[in-house]
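In mature numbering (1 follows the signal peptide of the UniProt record, and there is no 0), the protein residues as written are -18 to -1, 1 to 116.
Structure follows, in structure tokens:
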């Protein structure tokens, strides 16, 4: 009888162990790793506000003012004279001066109705763009 009790105990222990192991064969659940985070892009430089945005460009429409500002940025970056032509017949050119460190003087001539308007100023590198200083 003693053997029978031992056999019953062993059988009960085996059944218990089998019941504990009857779950998923994959093992314990593991939390998934979060997806990799892409590095943040550097902020875009602020829009250039130059001579054409002041009194020099007050007679220009928005598209012509944009073309004039793009010519200023191109002239500042390259150090070469740049021309532009806007809508409604306005046109002009930007003549940059020699670089002085991170700054450069510029002269912008705008023609509206065939009449020239001239302004001068200085712009300096600001991060990835240019900042007009007046």
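Where a beta carbon is used, it is the ideal one built from N, C-alpha and C, also for glycine. Just so it is clear, the structure is predicted and the values come from calculations on it, not from any experiment.
Asked, Found
"Would the beta-carbon of residue 112 fall within 8 angstroms of that of residue 55?", "yes"
"Return the CA-CA distance between residue 47 and residue 80, expressed in angstroms with no decimal places.", "24 angstroms"
"For the stretch 34 to 94, which segments carrying the beta strand (DSSP E) assignment without a break, of at least 3 residues, lie completely within its bounds, in sequence order?", "64 to 67, 73 to 82, 85 to 94"
"Exposed or buried, residue 116, counting other C-beta atoms within 10 Å across all chains shown (16 or more means buried)?", "exposed"
"Within the same chain, show all residues whose beta-carbon is closer than 6 angstroms to that of residue 32, passing over the 5 residues directly before and after it, in chain order.", "51, 54, 114"
"Does the separation of the CB atoms of residue 45 and residue 62 fall below 8 angstroms?", "no"
"What is the rounded straight-line gap between the Cα of residue 43 and the Cα of residue 91?", "16 angstroms"
"Is residue 109 helix, strand or coil by DSSP?", "coil"
"Contact check, residue 103 vs residue 88 under 8 angstroms by CB: the rounded distance?", "6 angstroms"
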